[in-house]
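Taking numbering that gives the first Met the number 0, the leading residue of the sequence shown gets 0, the next gets one more, and so forth.
Okay, so here's the structure we're looking at.
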Amino acid sequence: MWLDGPGGWVYEWSALGREYAEKGEHYLASLVYGCAKFPCLAHEPRAVALTKQVEEFLAASATFPLHFERRVLDVPYRGAHVEVPVHIYSATGEYERRCC
0 MWLDGPGGWV YEWSALGREY AEKGEHYLAS LVYGCAKFPC LAHEPRAVAL
50 TKQVEEFLAA SATFPLHFER RVLDVPYRGA HVEVPVHIYS ATGEYERRCC
């Protein structure tokens, strides 16, 4: 199941993700790439699946029935900084008026 080739979890889910992406079904591609990275980012193929999941989700966002924006915040944590992605959804696109 955890092989890095045919028959393996990441390999098979990623292959399905590529098929959906090639058909322009970006939301479905993002969902199955999410399965490919399950259960954690323990090795390179899963990290690649996460990258593909985000790419496909961003491509799918153009079809959402509302405004969508992805921001990456630089958050201080234990003396360092961590980048945290945030997805903002809005019916009007007036994010600034509704923010803190």
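We put the beta carbon where it would ideally sit given N, CA and C, even for glycine.
If you look at Leu49, you'll find it in the alpha helix (DSSP H) that goes 43-59. Sorting His42, Glu82, Ala79, Lys22 by C-alpha distance to the C-alpha of Leu2 places His42 at the top. Judged by DSSP in its simplified three-state form, Arg70 adopts strand. Contact between Ser89 and Leu72 is ruled out by a C-beta separation of about 17 Å, above the 8 Å threshold. When secondary structure is reduced to three states using DSSP, Glu11 falls in the helix class.
Under the three-state reduction of DSSP, Ala90 is assigned to coil, being neither helix nor strand. Restricting attention to Glu93, Gly92, Tyr94, Arg69, the CA atom closest to the CA of Val83 is found in Arg69. Boundaries of the alpha helix (DSSP H) around Cys34: 25-35. Annotation for Leu27: Tyr19 place their beta carbon closer than 8 Å to its own, counting only its chain and skipping 5 residues before and after.
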